[in-house]
Each structure stands twice: as C-alpha cells, then as structure tokens.
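What follows is a single structure, written as structure tokens, with notes after it.
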Amino acid sequence: MKEKVLIIEDDINTLHGLGEILEDENFNISKAKNAKQALKEIENGDFDVVLMDYLLPDRDGLDLSREVLKDYPEIKIIMMTAFGTVKNAVNAMKMGIYDYLTKPINLDELLIILRRAIQEQRLIKENDNLKSKLNNKYRFENIIGVSGKMQQVFQKVTKVANSDATVLIRGESGTGKELIARAIHFQSKQKGQPLVEINCASIPENLLESELFGHEKGAFTGAYKMKKGKFEIADKGTLFLDEIGELPLALQAKLLRVLQEHRFTRVGGVDNIEVNVRLIAATNADLEQKMADGLFREDLYYRLNVIPVIIPPLRERLEDIGPLTDHFINKFSEKEGRAIRGINEEARKILLAYEWPGNVRELENAVENSVVMCDGDCITADDLPAYLKGTRITGSSTLLDIVMQENDLSYRDKLEACEREIIRQALIETENNKTRAAKNLGFTLRTLRNKVKKYSL
Ligand SMILES: Nc1ncnc2c1ncn2[C@@H]1O[C@H](COP(=O)(O)OP(=O)(O)OP(=O)(O)O)[C@@H](O)[C@H]1O
Ligand SMILES: [Mg+2]
C-alpha cells in the first residue's frame, strides 16, 4: 500500500514539481493550494504525512498545524519554511510538528525526513499501547537505512522480533548482520534476558563444542572444573550464532538435535540439560553451495532458515550512502573531539561512485580515516583515502576499453556492462532522481525502472 502524503503549497510550480517527484518515489499524493482546501482533503483522506508551506495565503502554517494535530494527532507534519524563519520552525517542533525543511528544498533531505516520518508512523500504527510506542522510537536508533530495501528489512525485523522463530540473517561481509541481530533481540520479548553471541569461525574446532554446550569437570585435559556453554548461559534469552556457515559438520549434527529436542548434554556429561533459547544465525557464506558440496547439512539449513532476513549490499542501495556518511562523520567527529560539520559535494560523489565491496564497514573505515585526515571543518576529496578515487572507472571510454579487452564476454554482455555503468552514472548525477535520470538517458520512466531492477542498481 502506498503511503498518503498531502502537499499544501500556494506556489503552483513547487506544488506540482514536488508532487511529481514524490509520485515517482511511490507515494500517493494529494495537493492543496491553501488552508481551506487542505482541511477538506484531511477530513476525507487518511494521510500519513502532511508537507506544509509555512506561509499560506489564507492562514499561518503554525495555526493550521495546531488545528490538524488537535483532531489528527497521528499525522506527521513536515513544515517547509523560507530561510530566516527557522526560529519559528523550532517553536513549531515544540508544538508537535514532526520536522521542518528550509527552502529551497533539498530533495535528498526531504526524502529522508519523509521516509523517517513514515517509518515512525507505521510503527505507531502497529502498536496501540503507549509503552511499546515509547520503545519504538528508539529501536532503530543507530541503524541507518532510508532505502526501500533497508526499510523492508526493518519492517521484517519488527515483525519477527515478537515471534520465537529462528532467524537466519544473510548478507555480504560488513552489511550489518550483527547490528540487525541485536536489533531483533532488543525488540523481542527476550530483551530483558541475555543476548549471547558466539562466532563459529573464530573459535578452534576442538574448543567450539565446549564453548557452545559446556563441559563437565575432567571431560578433557585442562577441564579442571565444570563450565557452562553459551546455550545454557543464553537460557530464556537469545543465542546469536555468527558465521554459522563455518560450523563443522559434527557440531551441525549436535546443533540440529538441540533445535529439535531443546536439550543437550555438556561435553563429557550424561545429564540432559533443557534450555529455552531463541536462535538467530548469520552468515555471509553461500550456504546453497556448501550444501551442494556436502559441507552444510540440508536439514539444519531448513531448521535455521525459518525466517530469512537478507541485507542487500551497499552498492544496491545508493540512497543509504549519504545518510550513513553523515552518521559516521558525527560519530567519529565526536570520538576524535573534532568539529567536522559535513562533507563537500565532490567528496560525496566519490563515495557514491565507489562500489564498496566491504559494504558499510568499509564506508565506516573510510569516513573514520577522512575525519582524521581532515584539517578544516568539512571533508573534501583530498581527505578521502586515495584508493576510493583512482580505481573506479568513470569515463565511458575507459570502461569501453576495459570491456572490449575482456575476451570471455559476448557482445551482448559488453553492451549490458556499459549500459549498467551509464545508467548508474546518470542516477548518481541526478542523486537518484529517476524522472530526471530517465529524461537524461532518453528512456521512459518505465524503461528506466525495468533496467534499474534488471541491473540491481
Ligand atoms: N545500517 C547501518 N547503520 C549504521 N551502521 C551500520 C549499518 N550497517 C552496518 N553498520 C556498521 O558497519 C559495521 C559492520 O557491521 P556488522 O558487523 O553488523 O556487519 P556484518 O554483516 O556482521 O559483517 P561480517 O559479515 O563481516 O561479520 C559495524 O561497525 C556496524 O556498526
Ligand atoms: Mg558479523
């Protein structure tokens, strides 16, 4: 279902321009030119967000907001103010207005605020008691994701958190699997209970069994006393098995038994120990391939993969790069005791153009580096690690050279590789505005959408 947004603006060009852009972004848009029309629309429509100009011909925006919020407190109002009226806008926020934007409107900022408003709106709608409303506000506090793909992940997390079902989180390295696992725990009913994490890849195979299931005194050389395993420590809470793809086959069998019977024995022990543990597993491995190679048990895979949560790589969600960059600048600027307020356009574009094979972790490291390197109060292209700049193919002639040298590729593959790159550049240049990108490319919006999907852009 599309989210409903009402735009109230007396300048016809702005009204239609914004309307068109937001429609392209998949919102259901209604428009009003003044307060009177707006109230009529609000009475008849079930709006999620109202985007309102501060100065309306027949009424003051604050006054109108007060009336709207009195009858419809759940509506999120975003105020658009001219430069210079910011102070009033701050007062407006105290009054219950969700956020404000200064004109001329920055579209990226608008979309971020709008999506955030809608995300909160949705959470509020889903929960009717006050307590969960309060919790909701903070539950994705440090997880940034304005892209449609991440919004879907968040929705899924919210849904699965309240069930006891096993979750399998998948995604390339550095996409945020661990972060999402924690978010699930802290939103679940187990949140007051322990969250126990174990990384199956970082513990030597001969110790892993005792780490997971514990051991009795004397079970093996060096076992001087009984030790509880992670499963026991996590009782009533959540056990997060990271890098599950690296679990040795013998332990896969034991884990499967625990999942089926909810009990196990410590290493060297005979007593059955019963536990009630919610399991979250994560991996960046190709489990299907591992199953085909006989390295991962199929029955365990089905037990774990009750609810799959897939985190897309950063290169498939360009919209998140900007907000993540800002988030990390704040984080490291604070940590380093610096007062860096942002990043300039040129540097931003370089970050957008890079492929990020190491995903969010790589971006985080790059920003940390840049904050350290930066002399002024704004990160510039010079402050960015050099490897982000030189290696990318930006000019189409260079790309063509490279593609033409690839003897393994058919002409069709070469054509598609170039097409993908050109579309990607067009999206970057228009800051992911599909209408403008389609126009620049000479495609219809529909064709562009199909190609974006085809090339996972
Ligand atoms: N959406 C996000 N918002 C803010 N920070 C993020 C986000 N995603 C990832 N990070 C940060 O990026 C880093 C890597 O995330 P995380 O450790 O969760 O990735 P991972 O998928 O578990 O990686 P790996 O497969 O290498 O274990 C962390 O510092 C994390 O805080
Ligand atoms: Mg991890």
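Position one of the sequence shown corresponds to residue 16 (this note's numbering), numbered consecutively onward. Backbone N, C-alpha and C fix where the C-beta goes; we use that ideal spot for every residue, glycine too.
Per DSSP, the bridge partner or partners of residue i
{"i": "Leu70", "result": "Asp75"}
{"i": "Gly34", "result": "Answer by DSSP bridge pairing: none, since Gly34 is not bridged."}
{"i": "Phe255", "result": "Glu212 and Ile295"}
{"i": "Leu183", "result": "Ala296 and Pro323"}
{"i": "Ala47", "result": "Ile23"}
{"i": "Thr190", "result": "Thr190 is not bridged to any residue."}
{"i": "Asp314", "result": "Answer is none; Asp314 lacks a bridge partner."}
{"i": "Ile218", "result": "Answer is none; Ile218 lacks a bridge partner."}
{"i": "Met523", "result": "Absent from the structure is residue 523, since the part of the chain shown begins at 16 and ends at 472."}
{"i": "Glu82", "result": "In the DSSP output, where bridge partners are listed per residue, Glu82 has none listed."}
{"i": "Thr117", "result": "Thr96"}
{"i": "Lys91", "result": "Val64"}
Neighbourhood of residue i by C-beta, 7 Å cutoff - its chain only, sequence neighbours within 5 removed
{"i": "Arg81", "result": "Met110"}
{"i": "His342", "result": "Ile159"}
{"i": "Asp25", "result": "Lys48, Asn49, Asp68, Leu71 and Pro72"}
{"i": "Ile365", "result": "Ala396, Leu399, Leu403 and Lys404"}
{"i": "Asn447", "result": "Leu333 and Glu334"}
{"i": "Glu38", "result": "Ile44"}
{"i": "Leu302", "result": "Gly260, Phe311 and Tyr316"}
{"i": "Arg353", "result": "Val386"}
Close beta carbons around residue i, own chain, < 8 Å, minus the five adjacent residues each side
{"i": "His31", "result": "Lys46"}
{"i": "Ile90", "result": "Ile57, Phe62, Asp63, Val64, Val65, Val83 and Leu84"}
{"i": "Leu79", "result": "Ile23, Ala50, Ala53, Leu54, Met67 and Leu71"}
{"i": "Val161", "result": "Leu126, Ile127, Arg130, Arg131, Glu334, Asp335 and Pro338"}
{"i": "Leu456", "result": "Ile437, Ile438, Ala441 and Leu463"}
{"i": "Pro328", "result": "Gly186, Glu187, Thr190, Trp371 and Asn374"}
{"i": "Phe279", "result": "Phe228, Phe246, Lys269, Arg272, Val273, Asn287, Ile288 and Val290"}
CB of residue i within 8 Å of CB of residue j, strictly
{"i": "Ile133", "j": "Asp114", "result": "no"}
{"i": "His277", "j": "Val290", "result": "yes"}
{"i": "Gly186", "j": "Arg376", "result": "no"}
{"i": "Leu271", "j": "Leu315", "result": "yes"}
{"i": "Met67", "j": "Ile23", "result": "yes"}
{"i": "Gly229", "j": "Arg281", "result": "yes"}
{"i": "Val172", "j": "Ile199", "result": "yes"}
{"i": "Asp392", "j": "Arg363", "result": "no"}
{"i": "Lys232", "j": "Met241", "result": "yes"}
{"i": "Arg439", "j": "Thr445", "result": "no"}
{"i": "Ile295", "j": "Ala368", "result": "no"}
{"i": "Glu261", "j": "Cys215", "result": "yes"}
{"i": "Arg330", "j": "Glu370", "result": "yes"}
{"i": "Lys19", "j": "Gly60", "result": "yes"}
{"i": "Leu266", "j": "Leu227", "result": "yes"}
{"i": "Lys192", "j": "Ala297", "result": "yes"}
{"i": "Asn177", "j": "Ser217", "result": "no"}
Neighbour-count burial assignment, residue i, 16 or more Cβ in a 10 Å radius
{"i": "Phe235", "result": "exposed"}
{"i": "Thr253", "result": "buried"}
{"i": "Ile394", "result": "buried"}
{"i": "Thr459", "result": "exposed"}
{"i": "Arg427", "result": "exposed"}
{"i": "Met165", "result": "buried"}
{"i": "Leu463", "result": "buried"}
{"i": "Asp348", "result": "Checking the sequence shown, residue 348 turns out to be Ser, not Asp. Ser348 is buried by the Cβ-count criterion."}
{"i": "Ile10", "result": "The question about residue 10 has no answer here: the residues shown for the chain are numbered 16 through 472."}
{"i": "Gln205", "result": "buried"}
{"i": "Val387", "result": "exposed"}
{"i": "Gln304", "result": "exposed"}
{"i": "Ala401", "result": "exposed"}
{"i": "Ser411", "result": "With a pLDDT of only 36 at Ser411, under 50, the local geometry of the prediction cannot be trusted, and the value read off the model is given with reservation. With fewer than 16 Cβ atoms within 10 Å of its Cβ, Ser411 is classed as exposed."}
{"i": "Glu351", "result": "exposed"}
{"i": "Ser425", "result": "exposed"}
{"i": "Glu35", "result": "exposed"}
{"i": "Asn144", "result": "Residue confidence is low: Asn144 scores 39 on pLDDT, short of 50, so the model does not pin down where it sits. Its coordinate-derived value is still stated next. Burial call: exposed."}
Chain-order list of residues whose beta-carbon lies under 6 Å from that of residue i (same chain, five-residue window excluded)
{"i": "Gly163", "result": "none"}
{"i": "Thr409", "result": "Residue placement at Thr409 is poorly supported in this model, since its pLDDT is 44, which falls under 50; the coordinates still yield a value, given next. Here the set comprises nothing."}
{"i": "Ile322", "result": "Val175, Ala180 and Val182"}
{"i": "Lys468", "result": "none"}
{"i": "Lys152", "result": "Residue placement at Lys152 is poorly supported in this model, since its pLDDT is 36, which falls under 50; the coordinates are not used for a value here."}
{"i": "Pro263", "result": "Glu220"}
{"i": "Val211", "result": "Lys245, Ile248, Ala249 and Leu254"}
{"i": "Ile27", "result": "none"}
{"i": "Asn359", "result": "Cys393 and Thr395"}
{"i": "Thr243", "result": "The question names Thr, but residue 243 in the sequence shown is Lys. Taken in chain order, the residues that qualify are Gly229."}
{"i": "Ser225", "result": "Val282"}
Residue i beta carbon near ligand 3 (any heavy atom closer than 7 Å)
{"i": "Lys164", "result": "Here the bound small molecules are ligand 1 and ligand 2; ligand 3 is not part of this structure."}
Test: residue i CB closer than 8 Å to a CB of chain C
{"i": "His277", "result": "Structure shown: chain C not included; a single protein chain is present."}
Residue ranges of each alpha helix (DSSP H) within the segment 422 to 465, 4 or longer: 426 to 444 and 449 to 456
Could I get the ranges of all uninterrupted alpha helix (DSSP H) runs contained in the segment 329 to 414, with 4 residues as the minimum, in chain order? 336 to 350, 360 to 368, 374 to 388 and 402 to 405
Length-filtered (4 minimum) alpha helix (DSSP H) runs lying within the segment 227 to 278: 245 to 248 and 264 to 276
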